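Numbering (this note's numbering), first residue to last: 71 to 496.
What follows is the structure, encoded as structure tokens:
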């Protein structure tokens with residue numbers, strides 16, 4: 071039994087402690103009624119994600135069937151139960167659970183309230199947070215978007231340009247509202263401040279990320295048509311650029327700073343459709359939300375989540391669209407400081423080019439398509455070299471992943487993203 075199966079078994083064996091009282095509070099919060107108004111008749115639990123779809127937590131779908139005492143009618147409450155069970159040393163110290171809890175409990179509702187007050191229009195960023203607990207595990211319970219008609223699109227296929235623009239429009243408003251609150255209140259909570267809770271690059275979690283980059287280079291060295299890119303990548307100090315990825319909270323050169331989603335990609339967005347057209351998107355999974363430059367979200371999202379042919383040939387169009395949405399949102403909410411220009415956004419993309427350099431290391435999360443599960447805990451631990459070699463061979467020889475990386479590298483090369491700055495070199 072692998073570690074993920076062990077975790078699932080432990081979680082279900084602990085469900086005695088997640089008793090009826092646990093679900094009563096969820097129903098109360100979801101429906102806005104007290105315990106005296108209903109009786110729970112049945113609770114059905116099933117896995118909410120497939121193999122290799124979620125690496126940092128276990129996600130379950132729960133159907134809570136209740137009977138309303140006054141009308142005797144039956145009703146179903148659909149929720150998502152997300153249990154953070156990974157035991158990677160260094161990850162817990164990064165305060166992923168307190169961070170995500172604070173975003174759901176305080177930040178999102180404040181953003182939606184401010185937007186309505188300033189624009190006169192309602193906006194929803196994410197599913198409603200219904201319950202948070204740390205016993206027996208760190209658990210977040212959310213409204214089930216699937217029950218409300220939202221669907222998650224295929225990470226291996228990616229998003230169309232229009233779907234991508236819908237995400238960029240939503241995150242532009244999120245960024246704008248965070249900038250307004252930062253202008254008035256600062257970092258809001260220490261768990262969002264990397265200077266207060268830095269990730270140790272020498273932890274197993276940090277070392278695991280460095281190994282990912284070095285093993286990517288080893289894999290690319292075997293491909294004759296990637297030599298020019300390997301030469302560029304080898305100039306980067308993996309430890310240095312991963313440390314910047316994990317701990318750089320610097321604003322744009324112009325001083326603009328936002329709260330980034332932190333993990334903005336296909337699997338953390340769900341769309342609602344009217345026929346073939348997407349009409350709304352909601353975002354979730356704020357475990358690594360951090361203050362910093364908005365290009366953190368932009369680079370990660372566009373290069374991992376837009377369909378391959380469009381992530382490069384529509385890159386400038388997508389950046390310009392984001393800038394338009396951001397500028398408009400900042401004006402609507404009466405942001406009083408400097409609004410970044412499009413030229414400043416492009417300058418920032420090159421200033422933070424290490425983020426683009428690291429994208430190929432992470433693409434396996436998106437493009438990996440083999441049946442064998444990926445053991446992320448082993449990758450982020452002191453597993454012996456023989457085991458690690460086998461894991462990375464399994465990952466970086468995946469044909470779909472190789473094709474995706476080879477499609478992206480020429481664009482990164484031509485646009486200067488692979489040019490190493492002295493501070494990022496060995």
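Backbone N, C-alpha and C define an ideal beta-carbon position, used for all residues, glycine too.
Source: prediction; values computed, not measured.
Residue i versus residue j - alpha carbon distance
i: residue 389; j: residue 221; result: 25 Å
i: residue 434; j: residue 312; result: 17 Å
i: residue 449; j: residue 278; result: 6 Å
i: residue 391; j: residue 235; result: 7 Å
i: residue 474; j: residue 464; result: 16 Å
i: residue 217; j: residue 196; result: 14 Å
i: residue 314; j: residue 93; result: 41 Å
i: residue 98; j: residue 371; result: 36 Å
i: residue 526; j: residue 412; result: No statement about residue 526 is possible, as the shown extent of the chain runs from 71 to 496 and does not include it.
i: residue 386; j: residue 204; result: 43 Å
i: residue 273; j: residue 176; result: 30 Å
i: residue 211; j: residue 185; result: 25 Å
i: residue 461; j: residue 445; result: 8 Å
i: residue 428; j: residue 283; result: 7 Å
i: residue 292; j: residue 457; result: 20 Å
Beta-carbon gap between residue i and residue j smaller than 9 Å
i: residue 368; j: residue 238; result: yes
i: residue 174; j: residue 153; result: no
i: residue 489; j: residue 307; result: no
i: residue 172; j: residue 259; result: yes
i: residue 422; j: residue 471; result: no
i: residue 359; j: residue 169; result: yes
i: residue 56; j: residue 326; result: Within the shown structure, residues of the chain are numbered from 71 to 496, placing residue 56 beyond reach of any answer.
i: residue 223; j: residue 378; result: no
i: residue 96; j: residue 201; result: yes
i: residue 394; j: residue 166; result: no
i: residue 322; j: residue 414; result: yes
i: residue 336; j: residue 374; result: yes
Neighbourhood of residue i by C-beta, 7 Å cutoff - its chain only, sequence neighbours within 5 removed
i: residue 396; result: 242, 245, 246
i: residue 575; result: There is no way to answer for residue 575, as the model of the chain reaches only from 71 to 496.
i: residue 517; result: Residue 517 cannot be examined here, being either before or after the span of the chain that is shown, 71 to 496.
i: residue 214; result: 131, 148, 149, 150
i: residue 349; result: 342, 343
i: residue 118; result: 129, 130, 131, 150
i: residue 426; result: 369, 373, 482, 487
i: residue 257; result: 263, 361
Close-in-space but distant-in-sequence residues of the same chain around residue i (CB under 6 Å, 5 per side omitted)
i: residue 364; result: 245, 328
i: residue 296; result: 290
i: residue 316; result: 269
i: residue 320; result: none
i: residue 380; result: 231
i: residue 418; result: 322, 363, 365
i: residue 198; result: 213
i: residue 485; result: none
Under the three-state DSSP convention, the category residue i falls into
i: residue 344; result: strand
i: residue 385; result: helix
i: residue 396; result: helix
i: residue 488; result: coil
i: residue 305; result: coil
i: residue 328; result: strand
i: residue 201; result: strand
i: residue 361; result: strand
i: residue 404; result: coil
i: residue 72; result: Note on residue 72: pLDDT 47, under 50, position unreliable in the model; no value is reported.
i: residue 70; result: The first residue shown for the chain is 71 and the last is 496, placing residue 70 beyond what the model contains.
i: residue 356; result: coil
i: residue 349; result: strand
i: residue 300; result: helix
Limits of the unbroken alpha helix (DSSP H) element including residue i
i: residue 97; result: 90-101
i: residue 374; result: 365-375
i: residue 285; result: 274-291
i: residue 241; result: 231-255
i: residue 169; result: 166-172
i: residue 322; result: Counting along the chain, residue 322 falls outside any alpha helix (DSSP H), and DSSP gives it neither H nor E.
i: residue 431; result: 424-437
i: residue 222; result: Element bounds for residue 222: n/a, residue is neither H nor E.
i: residue 442; result: Counting along the chain, residue 442 falls outside any alpha helix (DSSP H), and DSSP gives it neither H nor E.
i: residue 420; result: 412-421
N- and C-terminal bounds of the beta strand (DSSP E) containing residue i
i: residue 310; result: Run containing residue 310: none in the beta strand (DSSP E); it sits in the alpha helix (DSSP H), 308-317.
i: residue 152; result: 144-154
i: residue 213; result: 208-213
i: residue 108; result: 108-117
i: residue 188; result: Per DSSP, residue 188 belongs to no beta strand (DSSP E); it is in the alpha helix (DSSP H), 178-189.
i: residue 134; result: 128-138
Cβ shell of residue i (< 8 Å), same chain only, five flanking positions each side left out
i: residue 109; result: 136, 137, 139
i: residue 405; result: 246, 249, 250, 253
i: residue 353; result: 195, 196, 237, 240, 241, 244, 331, 334, 338, 339
i: residue 182; result: 192, 193, 194, 195
Any chain C beta carbon closer than 9 Å to residue i
i: residue 297; result: Protein chains in the displayed structure number just one, and chain C is not present.
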